[in-house]
Amino acid sequence: MQRILLESLEKKAAYLRKIPLRELIFNFIVLIFVVILLLLPTGFQENSYPDSMRAVVKVLEVNNDNVSKTVSFVFEGEQVCKVEILDGSFKGQQTFAHNRFMGRLEMDKSFVEGDKALAVIDYTDQNIRNVTMIDHYRINLESILIGIFAIFLILFARWTGAKALLSFLMTVLMIWKLLIPLLLKGWNPIIISLYFVVTATSIIIFMVGGLNRQSMAAVLGSLSGTLLTTILAIVFGHSFKIHGAVLPYSESLLYAGYAHLNLTEILIAVVFIASAGAVMDLAMDIAAAVHEVVENKPDITRAEAILSGLNVGRTVVGTMTTTLLFAYTGGYISLLMFFMAQGTPVVDIFNLKYVSMEIMHTIVGSFGLVAVAPFTALASGILLTKRPV
């Protein structure tokens, strides 16, 4: 058993020794950056009140006597639940919690015996005054799902999978700790979002692909596509005359004291942020394909390498544009079902601002994809080959 363990450790050590030192240093710097982001305050306080706390509770009994139906699936009134507090300073205590229905199916939640929920506990001098149910508790399931995904990714991709997880965490933290706070503070959404996309794209590609010419070609190609997408989003975002209030919860954001925000520019920024991932993916695919061709045929000319990249790009672009269509319209299936059920004319559907926004989203993002293919093929051919002609 010890011999097998030693052999396994020796193999892992040998594998790590093959990783260039500069890549280890770069990834260590990114790790430090992630830690800094974790510790960095957003500048916006949590919506917490004195003498209140959040806790996980288990529903023991449910009283629906004060609940009535407006239609067969919409409720009004108040659900009273007897709960047991599972964590915090009141752990183990049983009390009653209130769940108020607002008559909005997308916002309301209904509890049954045995459910776990997140609740807000209001107290005075360590005595519970009131408990309000927030929603079903899902953090444990989310953690399990993320953990399984992380294990599968590392088992399959090993060191590259670990780097992918680190880049994923970095991107989430950059969005939550940098992008969102700066947007709320009124900074120019387009400029800030462009900085975010450029920085995140460059770091992710160099992390996953390594500090080499292949990654450099992917970065150059990806940023060229992002730049075109940004320009088109600015031009058509204003020409379509679509107000940024079509974004979910944007109107609520204005009423929450942020009426100074330019929602239309935020909508424009959303267009090229949403397409950045697909653009980066396509650029990396083409750069990797050209690199593989050059590795197998070292005497290939730049023109031949560029042509190979273009051929790969033509094949991949067709499916990637459809991928954008699926990604952008998937959330609006119920809206399209509603239009069809009501017999809404097709011309009215396509002219509606929600649908127009998705059309602009999809087409502008697809422009970036089409542009990234030749730019990446050109950059790959120049950077990865030795023969100029």
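In this note's numbering, the protein residues as written are 3 to 391. Glycine included, every Cβ here is placed at the ideal spot set by N, Cα and C.
Anticipated Cβ contact below 8 Å, residue i with residue j, distance rounded
i: R215; j: L120; result: With a Cβ gap of about 49 Å, R215 and L120 do not count as contacting.
i: A402; j: S382; result: Any answer about residue 402 is impossible in this case: the structure gives the chain only from 3 up to 391.
i: L42; j: K179; result: 5 Å
i: L171; j: L155; result: Rounded, the Cβ-Cβ distance is 12 Å, inconsistent with contact.
i: I153; j: S54; result: Actually they do not touch by this definition, with Cβ atoms about 37 Å apart.
i: T408; j: A219; result: Nothing about residue 408 can be reported from this structure: the residues present for the chain run from 3 to 391 only.
i: F103; j: F77; result: 4 Å
i: G311; j: P183; result: Incorrect: roughly 39 Å between the Cβ atoms, too far for contact.
i: A379; j: V292; result: 7 Å
i: M209; j: S169; result: 5 Å
Beta-carbon gap between residue i and residue j smaller than 9 Å
i: P22; j: G212; result: yes
i: V281; j: T231; result: yes
i: L371; j: S217; result: no
i: H363; j: L326; result: yes
i: I192; j: I270; result: yes
i: V36; j: L175; result: yes
i: F242; j: S358; result: yes
i: N244; j: K71; result: For the sequence presented, residue 244 should be read as Ile rather than Asn. Taking 9 Å as the Cβ cut-off, I244 and K71 do not qualify as a contacting pair.
i: V64; j: E80; result: no
i: L265; j: A247; result: yes
i: L185; j: I268; result: yes
i: V199; j: F92; result: no
Nearest-angstrom Cα separation, counted from residue j out to residue i
i: I136; j: V82; result: 13 Å
i: I351; j: I194; result: 33 Å
i: Y197; j: I130; result: 48 Å
i: M109; j: S254; result: 14 Å
i: D127; j: L62; result: 26 Å
i: V85; j: Y334; result: 37 Å
i: E297; j: L249; result: 46 Å
i: L7; j: L26; result: In this prediction, L7 scores a pLDDT of 45, lower than 50, which makes its location untrustworthy; the coordinate-derived value is nonetheless stated afterwards. Their Cα atoms are separated by approximately 25 Å.
i: D287; j: I384; result: 16 Å
i: Y17; j: W161; result: For Y17, the predicted structure reports a pLDDT of 49, less than 50, and the residue's modelled location is therefore unreliable. A value from the coordinates is still provided. Computed Cα separation, rounded: 9 Å.
i: T387; j: P300; result: 7 Å
i: K165; j: I207; result: 10 Å
i: D117; j: F98; result: 14 Å
i: Q96; j: L88; result: 10 Å
i: S90; j: R140; result: The sequence shown places Gly at residue 90, rather than the Ser named in the question. Each residue's Cα considered, the two are about 18 Å apart.
i: L284; j: T228; result: 12 Å
i: H138; j: K111; result: 8 Å
i: Q344; j: S336; result: 12 Å
i: N132; j: Y125; result: 7 Å
Bounding residues of the beta strand (DSSP E) (the contiguous stretch that carries residue i)
i: I351; result: Segment 348–353 is the alpha helix (DSSP H) holding I351; no beta strand (DSSP E) there.
i: S54; result: 54–65
i: M104; result: 96–104
i: K118; result: 118–126
i: V86; result: Correcting the residue type first, residue 86 is Glu in the shown sequence and not Val. Where E86 is concerned, the enclosing beta strand (DSSP E) stretches over 76–87.
i: R131; result: 129–138
Residue i, enclosing alpha helix (DSSP H) - first and last residue
i: F28; result: 23–41
i: F208; result: 191–211
i: D287; result: 265–298
i: V174; result: 161–176
i: L107; result: Here L107 belongs to no alpha helix (DSSP H), and DSSP marks it neither H nor E.
i: F341; result: 335–344
i: L230; result: 215–241
i: I182; result: 182–186
i: E115; result: Run containing E115: none; DSSP gives neither H nor E here.
i: L256; result: 252–257
Does the stretch 315–327 come close enough to the stretch 369–379 to have 3 or more Cβ pairs within less than 8 Å? With the cut-off at 8 Å, the stretch 315–327 and the stretch 369–379 touch.
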